[in-house]
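Take UniProt numbering: the final residue in the sequence shown is number 434, and no numbers are missing along the way.
Even for Gly, the Cβ is constructed at its ideal location relative to N, Cα and C.
Since the structure is predicted, the reported quantities are computational estimates derived from the model, not experimental observations.
The next block holds one structure in the form of structure tokens; read it before the comments.
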Amino acid sequence: MGALRPCHLDPDRRLGSTRRDTGRYHRPVATATPTRHRSCLTAKQLCLLQPNPIWLPKPYLFSDLSRCVSNNTRRKTTVRKSRRTLLASLGTAGAAALAGCAGGGGGGESDSLNAAWLYFSEVGDLGWTYSHDQGRKAAAAQLDYLETDYSESVPANRVEQSAVQYSENGFDIVFGASGTFTDAMSAAAERRPDDAFLVAGGFQKGEAFSNFMSKLYHARYLVGYASGMVTETDRIGYVAANPVSSVYQEVNGFASGVQDANPDATVYLRFSNTWFDPPKEGEIAQALIDDRGVDVMAQHQDSPAVMRTAADNGLWTSGYAADMSDFGGDKHLMDPVFKWENVFVPIIEQVRNGEWDADFVFPGIDDEAADITEPSSGVPDDVVSEVTSIKEEMTADDPDSVVWEGSTFVDWSDEELLFSVDSVDFDNVEGRQL
């Protein structure tokens with residue numbers, strides 16, 4: 001039986017009539033179902049907004065992505081000299097001249113750059129994938145020369161072929177929005193070394209392949225600080241996803257914020273071992289409420305099930321990756337959110353100018369690659385004031401020194417933080433071992 005999915009509607013289908021994306025990005029490559037639009041809400045999002053969604057089994061169905069890529073992306077010659085190769089052959093003076101020509105007005109076909117995104121789930125997941133797609137759209141809105149495309153729900157055994165075919169169809173950059181895509185994207189880069197391939201949360205790099213991530217733990221620190229201020233029981237729940245470095249980064253960042261705001265508070269940590277399993281995540285949240293008496297709840301999943309459970313019990317709550325305020329009720333604190341456009345745009349500009357060096361990218365709140373949503377109207381003024389003040393301090397100086405002061409991680413390099421965090425370092429966390 002497949003993973004449980006919400007309500008009777010197909011969450012992979014969008015509502016309304018199919019249409020081509022307007023502006024500077026292409027219609028998406030068709031996968032299992034066509035991409036559809038209505039008020040930017042997917043069926044899944046509409047279902048989750050219902051007071052009592054019905055959870056039903058929904059197995060994934062995957063179509064032949066190789067056929068979809070070749071038939072549905074805009075055709076370009078497959079025998080070509082990429083922008084990276086062209087700029088390298090021109091040398092510094094020629095590259096500058098080409099960049100100068102591209103920067104002037106017109107924006108003809110030769111000035112454009114094409115980037116594609118591969119997603120492991122549908123864009124309406126409300127968390128990780130949704131945030132990436134919002135970043136894709138924002139990058140396209142910022143860069144007149146950028147044209148984008150994406151494929152959603154790409155199975156692991158189709159990633160390499162999908163990435164290669166995007167490259168063969170004229171795409172200069174392929175972003176993979178899952179660390180599980182690392183090996184496949186690295187293989188694609190070896191086959192197409194004149195284009196750029198990057199993976200979110202990946203763990204390798206090569207001549208044409210690297211990885212990127214955002215220091216969302218900066219934002220988690222601020223949410224943790226707010227949580228430490230509002231708790232009345234000094235008991236805070238945290239439903240983590242899978243025990244991987246990015247999850248541990250955020251648990252530690254959150255715990256650091258709680259500790260700085262309230263040394264008497266305890267964070268009760270539980271792992272769901274899922275990215276999207278609303279019934280299981282909701283059950284874990286309810287158990288923390290019933291068994292540990294928590295009065296604040298945080299989560300690290302793509303569904304808002306933990307938030308809904310917390311809201312139903314009158315708890316303070318926060319989400320993950322994107323704005324989940326619609327599910328937090330009257331006691332929604334704020335959400336730690338990715339600002340992926342501020343990761344994508346510098347990479348795209350470097351590729352366009354022939355300056356990309358295939359190194360890993362790991363910016364944070366000081367680079368506007370991570371942030372918090374606006375606190376809800378119910379958050380006390382003193383909490384808002386304190387969190388705002390700390391955020392200003394973090395963005396003006398070194399946010400890592402604020403988050404990791406007094407911890408093991410204070411002397412860690414970005415590369416160590418990105419790849420090697422595999423435990424909880426703070427004593428105010430109960431349930432540190434999986």
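DSSP places His300 outside both helix and strand once states are collapsed to three, so it counts as coil.
Here Met394 has His218, Ile365, Asp366 and Val402 as same chain residues with Cβ atoms under 7 Å from its own Cβ, once five neighbours each way along the sequence are excluded. Between Leu333 and Ser376, the C-beta spacing is below 8 Å. DSSP places Thr129 in the helix class (H, G or I) of the three-state scheme. When the five nearest sequence neighbours on each side are left out, the beta carbons in the same chain lying within less than 7 Å of the beta carbon of Ala310 are those of Ala285, Met297 and Thr317, in order along the chain. Under the three-state reduction of DSSP, Arg270 is assigned to strand. Here Ser389 is exposed. Its C-beta has fewer than 16 other C-beta atoms within 10 Å. Annotation: Arg270 to Ala240 spans about 6 Å, alpha carbon to alpha carbon. For a cut-off of 8 Å, the C-beta gap from Glu207 to Ala115 is around 19 Å, too long to register as a contact. Listed in chain order, the beta strand (DSSP E) elements of length 3 or more contained wholly in the segment 117-183 are 146-151 and 173-176. Taking all protein chains in view, the Cβ of Gly170 is crowded by 16 or more other Cβ atoms within 10 Å, so the residue is classified as buried. Using a Cβ-Cβ distance cut-off of 8 Å, the segment 256-274 and the segment 318-328 are not in contact, since fewer than three pairs of beta carbons, one from each stretch, lie closer than that value.
In the DSSP secondary-structure assignment, Pro336 is bridged to Ile372. The beta carbon of Glu250 sits closer than 7 Å to those of Leu216, Tyr217, Arg220 and His300, all from its chain and outside the five residues before and after it, given in chain order.
The shortest C-alpha to C-alpha distance from Glu386 to any of Val154, Asn211, Asp290 and Gly224 is the one to Gly224. Non-local C-beta neighbours of Ala139 in its own chain, meaning closer than 6 Å and more than five positions away in sequence, comprise Glu341, Phe344 and Val345, ordered along the chain. Judged by pairs of C-beta atoms under 8 Å, the segment 225-238 does not touch the segment 186-201, as fewer than three such pairs exist.
Pairing Glu281 with Asn353, the inter-Cα distance amounts to about 45 Å. Distance between Ser151 and Tyr166, taken at the CA atoms: about 10 Å. Judged by DSSP secondary structure, Gly237 falls within the beta strand (DSSP E) whose first and last residues are Arg235 to Ala240. Rounded to whole angstroms, Asp277 and Ser256 show a C-alpha spacing of 27 Å.
Counting along the chain, the unbroken alpha helix (DSSP H) around Phe344 starts and ends at Glu341 to Arg352. Exclusion of the five residues before and after Gly293 leaves Thr233 and Arg235 as the residues of its chain whose Cβ lies within less than 8 Å of its Cβ.
Classified as buried, Val351 has 16 or more neighbouring CB atoms from the shown chains inside 10 Å of its CB. For Pro193, the CB contacts under 8 Å within the same chain, skipping 5 residues up- and downstream, are Glu207 and Ala208 in chain order. Cβ-Cβ distances below 8 Å link Thr129 to Tyr119, Phe120, Ser121, Glu122, Val123, Glu152, Ala177 and Asp302 in the same chain, with the five nearest sequence neighbours on each side left out; the list follows chain order. Beta-bridge analysis with DSSP links Val223 to no other residue. Scanning the segment 284-331 for uninterrupted beta strand (DSSP E) segments of 3 residues or longer gives 296-299, listed from N- to C-terminal end.
Under the DSSP assignment, Ser210 falls in the beta strand (DSSP E) whose first and last residues are Phe209 to Phe212. With a beta-carbon spacing of about 26 Å, Ser131 and Phe426 fall beyond the 8 Å limit used to define contacts. Within the model, the alpha-carbon separation for Leu143 versus Gly329 is close to 36 Å.
Collapsing the DSSP output to three states places Phe197 in a strand. In the three-state DSSP reduction, Val429 falls in the strand class (E or B). Spanning the alpha carbons of Gln259 and Glu430 requires a straight line of approximately 13 Å. With 16 or more neighbouring CB atoms inside 10 Å of its own CB, Thr148 falls in the buried class.
In this structure, the straight-line span from the alpha carbon of Leu288 to that of Ser245 is close to 23 Å.
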